Amino acid sequence: MKSKLIVALDVDSFQEAAALVHVLRDAVDIFKVGSQLFTRVGPQIVEFLHEQQKECFLDLKFHDIPHTVAKAVESAAALHVRMLTLHVSGGPDMLKAAAAIPIHPLLLGVTVLTSVGGDAQAEVLRSAMLAKECGLNGVIASPREIRLIRESCGHDFLIVTPGIRPAHAETGDQRRVMTPAEAITAGADYIVVGRPIIAAIDPARAAVDIVTEIASVTSASA
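The structure is reproduced here in structure tokens:
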């Protein structure tokens, strides 16, 4: 079974991203490419991931009129990315237009950003249920809302969870956080980790430690 860890390539250049992929290749199968890196280097980084036999989670959080988003989804599909994000706040017409593309990546609706503090459960659940009704494959949600989404949307609905911080790591600008083990135990399908790995003195060791933590939880619940 492939790892549930997704590493965010939140860096400024193709060279930095490529170096991280090489260092992490034995522990990581999916890498997240967000607006920071994609704006700098474009599809080149997606093509590179494919060359390295890795998968791409393209995190551009589309939010526009339905026609524009549908065309953007078609463009992402042509890049053969594994996962793609769009804001649920774009509304049902936009979400349905994206899901109507015959061949598309796994579509994940962004609910409430993990940098937002306080109790976001009601809004996250509303967004998750709308995403499911409109044909999306899953959502991006903080670890604090995983159980609620899982209970309401079922086990076939993907939950990809940022806001993951190992016990020793600083939270930074993240507010609604959990450790890797806590998030997997709560029901996350994948966890997304950026700074605790890419800014570590030894990124490979940091990634292996998280993969090991995930595996210990997964085997205990098997």
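Under my numbering, the first residue of the sequence shown carries the number 8, and numbering increases by one thereafter. Every residue gets a Cβ at the ideal spot worked out from N, C-alpha and C, and that includes glycine. This one's a predicted model, so the numbers in the text were calculated from it and none came from an experiment.
Notebook entry, point to check: Exposed or buried, Ser223, counting other C-beta atoms within 10 Å across all chains shown (16 or more means buried)?
Noted result: The residue in question, Ser223, is exposed, as its Cβ has fewer than 16 Cβ neighbours within 10 Å.
Check: Can you tell me whether Ser159 is buried or exposed, with buried defined as 16 or more other CB within 10 angstroms of its CB?
Finding: Exposed is the call here.
Next item on the list: Report yes if the C-beta distance between Gly14 and Leu31 is below 8 Å; otherwise report no.
Entry: Residue identity differs from the one stated: residue 14 is Val in this sequence, not Gly. In contact: Val14 and Leu31 (Cβ atoms closer than 8 Å).
Notebook entry, point to check: Would you call Arg172 buried or exposed, if buried means 16 or more other Cβ atoms sit within 10 Å of its Cβ?
Noted result: Buried, since its Cβ has 16 or more Cβ neighbours within 10 Å.
Item checked: Lys78 at chain D interface by Cβ criterion, 8 Å -> Among the chains in the structure shown there is no chain D, since it carries only a single protein chain.
Next item on the list: State yes or no: is the C-beta of Val88 within less than 8 Å of the C-beta of Gln59?
Entry: Contact: no.
Check: So, do the stretch 73-88 and the stretch 102-117 have three or more beta carbon pairs nearer to each other than 8 Å?
Finding: In short, these stretches touch, since the Cβ pair count reaches three.
Notebook entry, point to check: So Met90 is in the beta strand (DSSP E); what residue range does that whole segment cover?
Noted result: First-last of the beta strand (DSSP E) with Met90: Met90 to His94.
Item checked: Inter-residue CB distance, Phe38 and Leu56 (contact presumed, cutoff 8 Å) -> Correct: roughly 6 Å between the Cβ atoms.
Margin query: If I measure Cβ to Cβ from Lys103 and keep anything under 7 Å in the same chain, skipping five residues before and after, which residues do I get?
Written below: Only Cys141 and Gly142 meet the Cβ criterion.
Checklist line | Ile204 to Ile198 span [Cα, whole Å] | finding: Looking at the two C-alpha atoms, the distance is approximately 13 Å.
Item checked: Top-ranked residue by Cα proximity to Gly98, from Thr192, His70 and Glu189 -> The residue with the shortest Cα to Cα distance from Gly98 is His70.
Check: Apart from the five residues on each side of it in sequence, which residues of its chain come closer than 8 Å, Cβ to Cβ, to Glu189?
Finding: Closer than 8 Å at Cβ, skipping near neighbours: Pro150.
Checklist line | Alpha carbon of Thr178 to alpha carbon of Pro169, nearest angstrom | finding: At Thr178 the pLDDT is 47, less than 50, meaning the model places this residue with poor confidence; the figure from the coordinates comes in the next sentence. Cα to Cα, Thr178 sits roughly 12 Å from Pro169.
Next item on the list: Rank Leu91, Ala129, Asp126 and Pro50 by C-alpha distance to the C-alpha of Val117 and give the top, closest one.
Entry: Looking only at Leu91, Ala129, Asp126 and Pro50, the smallest Cα-Cα distance to Val117 is reached by Leu91.
Check: So what does DSSP say about Lys61, is it helix, strand or coil?
Finding: The answer is coil: DSSP assigns Lys61 none of H, G, I, E or B.
Note to self: I'd like to confirm the pairing. Which residues does DSSP put opposite Ile147 in its beta bridges?
What the structure shows: Residue pairing by DSSP places Ile147 opposite Val117 and Val167 in a beta bridge.
Notebook entry, point to check: What is the residue span of the beta strand (DSSP E) that Leu86 lies within?
Noted result: Going by DSSP, Leu86 is part of no beta strand (DSSP E) at all; its letter is neither H nor E.
Check: Got a sec? Which residues, its chain only, sit under 7 Å from Gly194 by beta carbon, not counting five neighbours each side?
Finding: Closer than 7 Å at Cβ, skipping near neighbours: Ile153, Arg154, Arg157 and Ile166.
Next item on the list: Excluding the 5 residues preceding and the 5 following Thr46 in the sequence, name in chain order all residues of the same chain whose CB lies nearer than 8 Å to its CB.
Entry: Within the same chain, Thr46 has no close Cβ partners at all.
Checklist line | Pick from Asp17, Ser20, Val18 and Asp36 that is closest to Val215, judged by C-alpha positions | finding: The option with the nearest alpha carbon to Val215 is Asp36.
Margin query: Going by C-alpha to C-alpha distance, which of Val200, Gln43, Ala24 and Pro73 sits closest to Glu54?
Written below: Among Val200, Gln43, Ala24 and Pro73, the Cα nearest to that of Glu54 is on Ala24.
Next item on the list: Determine the extent of the beta strand (DSSP E) in which Val28 is found, giving its start and end residues.
Entry: Note, Val28: premise wrong, no beta strand (DSSP E); alpha helix (DSSP H) at Phe21 to Leu31.
Notebook entry, point to check: Using a Cβ-Cβ cut-off of 6 Å (strictly less than) and excluding sequence neighbours within five positions of Met185, which residues of its own chain qualify?
Noted result: Exclusion of the five residues before and after Met185 leaves Pro150 as the residues of its chain whose Cβ lies within less than 6 Å of its Cβ.
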